[in-house]
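Protein chains in written order, with the numbering used here: chain A, 5 to 339; chain B, 9 to 355. For every residue, glycine included, the Cβ atom is placed at its ideal position computed from N, Cα and C. Let me begin by presenting the structure, written as structure tokens, before commenting on it.
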């Protein structure tokens, strides 16, 4: 509330941990923990897009949901415009939700199939008691136009639309309250490739018009590259590497990042590259490996990787704080 | 109100299942007929034309015999009045309902003991029971009571079950755990004994019987609702509503319950038939509604004790079979029309 320096980030996540209990036994007591998110820190400035990539089940969706306090984080702080969200009362949090919204992965699941498109887009106004019924209808029409749908769509139901159109409805709903931050949880991964770029371009246009900040969660590095300013790479609940989008592609400093980049298909059949295929599966987040969580699949792992937990630290000779990596062999590896 | 096109499609599908749809129409007809049973099965006349005046005795106060120039002060016997007017032939007339008996009156003869066999001449189309009451009249009024009973029971059970079940599924945790154990204990209480004990202390009234049945009847729908809510709660549209700042109340009533309606509707017909069977069997055992309430169970017991009077057991069994079959056909058709598996589309 007090001082707001221009460099202060819109959102900052510090040492966020989200552990889900594993229940068992007759009395359903806790018999274990899922380390879904384990010590994640990142910041997002106004109007910026931060990409969050990782394999399925690495905890990226959980990061998004705990930022919005849809889950109560186990530990850590989430600060939005100087306010610690984890300490807010229910009512304060409700008011703050106007500033931060979410777009979901599956546009069919995220729209209630029993409500009309009009009802769905109007709901944010109803919940926050904004405007009269007529004003709300007017706003719904505007919002639908803005995301490229006709105003006639209001009286129809989600199943009457294609995946891309439904995702536009989801975007309209997220935009309704003029938020400052939108968490995009794999907004295009359920869509056709041709539709993906339409939706991505819509998101970019809206960002320019409204000065939105995005946390863009995806498992596809190619998509993230197209839209992000900075990218965080996640593996088993931890951030492995965090850098500007261009730096990350040009000079990946973590073996995992480099493996992900080499897995991006190149639209050129004559191009032959050295593919680094990762072997094995992602280990269970209930029993994460000791030391560096990636050591079980890392082609460069040494014995020490099993013992030392690497901290996220600036890459020596890199772009300073703008390029951080969590690997004890950073200096030695040629990736 | 605009109906969801999915709902319209379900209704259309229901109509296309002929067996269920015709059963539904027949059931609605039976329901309507039983609601206006006083006009069809009654010892009061529909219309009496007496000395230039018209009387409509069906609804309203009873008309004493003196109204029509008879010598008594109690309620007019319209069947006798009709015969008398015909004999006198002075332009007075009585229009009687098709079945001119009410379910409580005994129609006795001087030279024989009931039960009397069916007779079209006496307008006892299905005969009389062991005390001389018209069986058709008792069947029709008994149907009305049984249906009212099971519908009321349905509403009570579902109100309790849907509230507790969705609360269990929605909040989960300790609340869910405690209620699960309560239900498990509760469902082990031998329900029939409880009713027998209660009925032997007090004679249960209609509402009390509904209440006693509801005490044990809410359990199954609660389980179902719990599971369904549990599933719906973790779907993304609920998260989306929560991200918008929707209250729990709004999420439950605007989002979750509308999405579980299909399941509630699917179970309802089977609960209705269950209610009818439950009331009939309680009446049969003598622990149901107090006599002389018209009841199918009581008729069934009479049929059992008077097996040579085949028309008693014959008609009540036929009535039960037809009713239960109709309700079950409706239930099957509803289930088929609302089957969510047919409506999920993957892209």
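Residues near residue i in its chain [Cβ-Cβ closer than 7 Å; skip 5 each side]
i	result
residue 169 (chain A)	153
residue 94 (chain B)	none
residue 345 (chain B)	18, 21, 22, 25
residue 303 (chain B)	150, 153, 291, 296, 297
residue 282 (chain A)	263, 301
residue 155 (chain A)	145, 148, 149
residue 343 (chain B)	274
residue 139 (chain A)	none
residue 22 (chain A)	40, 41, 66, 70, 75, 77, 78
Residues of its chain near residue i, where Cβ-Cβ distance is below 6 Å and the 5 sequence neighbours each way are ignored
i	result
residue 355 (chain B)	Reliability fails at residue 355 (chain B), whose pLDDT of 39 lies under 50, so the model's placement of it is uncertain and the value that follows must be treated cautiously. Around residue 355 (chain B): no qualifying Cβ.
residue 188 (chain A)	107, 218, 220
residue 187 (chain B)	176
residue 234 (chain B)	173, 176, 177
residue 247 (chain A)	327
residue 240 (chain B)	264, 267
residue 56 (chain B)	63, 102
First and last residue of the uninterrupted beta strand (DSSP E) at residue i
i	result
residue 229 (chain A)	First-last for residue 229 (chain A): 225–231, but that is the alpha helix (DSSP H), not the beta strand (DSSP E).
residue 84 (chain A)	79–84
residue 55 (chain A)	53–57
residue 101 (chain B)	101–103
residue 234 (chain A)	234–239
residue 219 (chain A)	217–222
residue 283 (chain A)	Neither: residue 283 (chain A) is in no beta strand (DSSP E) and is coded neither H nor E.
residue 24 (chain A)	15–28
residue 97 (chain A)	Residue 97 (chain A) -> not in any beta strand (DSSP E); alpha helix (DSSP H) instead, spanning 94–100.
residue 328 (chain A)	327–329
residue 63 (chain B)	61–63
residue 185 (chain A)	185–189
Neighbourhood of residue i by C-beta, 8 Å cutoff - its chain only, sequence neighbours within 5 removed
i	result
residue 253 (chain A)	229, 265
residue 290 (chain A)	26, 36, 37, 38, 39
residue 6 (chain A)	Here the model assigns residue 6 (chain A) a pLDDT of 42, short of 50, so the residue's position is not dependable, and the following value carries that caveat. The answer, listed in chain order, is 86.
residue 250 (chain B)	259
residue 51 (chain A)	211, 215, 216, 217
residue 196 (chain A)	167, 168
residue 58 (chain A)	64, 223, 237, 238, 239
residue 353 (chain B)	Per-residue confidence for residue 353 (chain B) stands at a pLDDT of 44, beneath the threshold of 50, marking its modelled position as unreliable; the derived number appears in the next sentence. Hits under 8 Å: none found.
Element boundaries [alpha helix (DSSP H), containing residue i]
i	result
residue 268 (chain B)	265–293
residue 47 (chain A)	Not the alpha helix (DSSP H): residue 47 (chain A) falls in the beta strand (DSSP E), residues 33–48.
residue 174 (chain A)	167–179
residue 269 (chain A)	Per DSSP, residue 269 (chain A) belongs to no alpha helix (DSSP H) and is neither H nor E.
residue 245 (chain A)	From DSSP, residue 245 (chain A) is part of no alpha helix (DSSP H) but of the beta strand (DSSP E) over 242–248.
residue 88 (chain B)	86–96
residue 158 (chain B)	143–179
residue 128 (chain A)	121–131
residue 23 (chain B)	13–24
residue 135 (chain A)	Run containing residue 135 (chain A): none; DSSP gives neither H nor E here.
residue 206 (chain B)	199–209
residue 211 (chain A)	197–214
residue 70 (chain B)	First-last for residue 70 (chain B): undefined, no H or E at that position.
Rounded Cβ spacing between residue i and residue j (contact assumed at less than 8 Å)
i	j	result
residue 45 (chain A)	residue 17 (chain A)	6 Å
residue 51 (chain B)	residue 12 (chain B)	No, residue 51 (chain B) and residue 12 (chain B) are not in contact; Cβ-Cβ is about 49 Å, not under 8 Å.
residue 70 (chain A)	residue 13 (chain A)	That belief does not hold up - the Cβ atoms of residue 70 (chain A) and residue 13 (chain A) are roughly 17 Å apart, past 8 Å.
residue 109 (chain A)	residue 194 (chain A)	6 Å
residue 158 (chain B)	residue 287 (chain B)	7 Å
residue 155 (chain B)	residue 39 (chain B)	7 Å
residue 80 (chain B)	residue 73 (chain B)	4 Å
residue 131 (chain A)	residue 341 (chain B)	Residue 131 (chain A) to residue 341 (chain B), Cβ: 39 Å. No contact.
residue 66 (chain B)	residue 54 (chain B)	6 Å
residue 244 (chain A)	residue 223 (chain A)	14 Å between Cβ atoms; not a contact.
residue 240 (chain A)	residue 297 (chain A)	4 Å
residue 164 (chain B)	residue 222 (chain B)	4 Å
residue 314 (chain B)	residue 138 (chain B)	6 Å
residue 2 (chain A)	residue 162 (chain A)	The displayed coordinates of chain A run from 5 to 339. Any statement about residue 2 (chain A) would go beyond what the structure contains.
Any C-beta of chain E under 8 Å from that of residue i
i	result
residue 105 (chain A)	You won't find chain E in this structure, because its protein chains are A and B.
### Contact between the segment 168–182 of chain B and the segment 216–229 of chain B (3+ Cβ pairs under 8 Å)
Contact check between the segment 168–182 of chain B and the segment 216–229 of chain B: three or more CB pairs, one atom from each, fall below 8 Å, which counts as touching.
### Query
For the 8 Å Cβ check, are there 3 or more pairs between the segment 270–277 of chain B and the segment 121–139 of chain B?
Here the segment 270–277 of chain B makes no contact with the segment 121–139 of chain B; the two share fewer than three CB pairs at distances below 8 Å.
### Message
Check whether the segment 251–270 of chain B and the segment 109–126 of chain A are in contact - that is, three or more C-beta pairs closer than 8 Å.
### Response
Put simply, the segment 251–270 of chain B touches the segment 109–126 of chain A. At least three CB pairs are less than 8 Å apart.
### Query
With contact counted as at least three CB pairs below 8 Å, one residue from each stretch, are the segment 75–90 of chain B and the segment 13–28 of chain B in contact?
Flag = no, the segment 75–90 of chain B and the segment 13–28 of chain B do not touch.
### Message
Pairs of beta-carbons, one from the segment 195–210 of chain A and one from the segment 172–183 of chain A, closer than 8 Å: are there three or more?
### Response
Contact annotation: the segment 195–210 of chain A touches the segment 172–183 of chain A, with at least three C-beta pairs closer than 8 Å.
### Query
With contact counted as at least three CB pairs below 8 Å, one residue from each stretch, are the segment 135–143 of chain B and the segment 316–329 of chain B in contact?
Yes, they touch.
### Task
Determine, using beta-carbon pairs with one atom in the segment 292–312 of chain B and one in the segment 94–106 of chain B, whether at least three such pairs fall under 8 Å.
With fewer than three CB-CB distances shorter than 8 Å, the segment 292–312 of chain B does not count as touching the segment 94–106 of chain B.
### Query
Between the segment 235–242 of chain B and the segment 79–89 of chain A, do at least 3 Cβ pairs fall closer than 8 Å?
No, the segment 235–242 of chain B is not in contact with the segment 79–89 of chain A.
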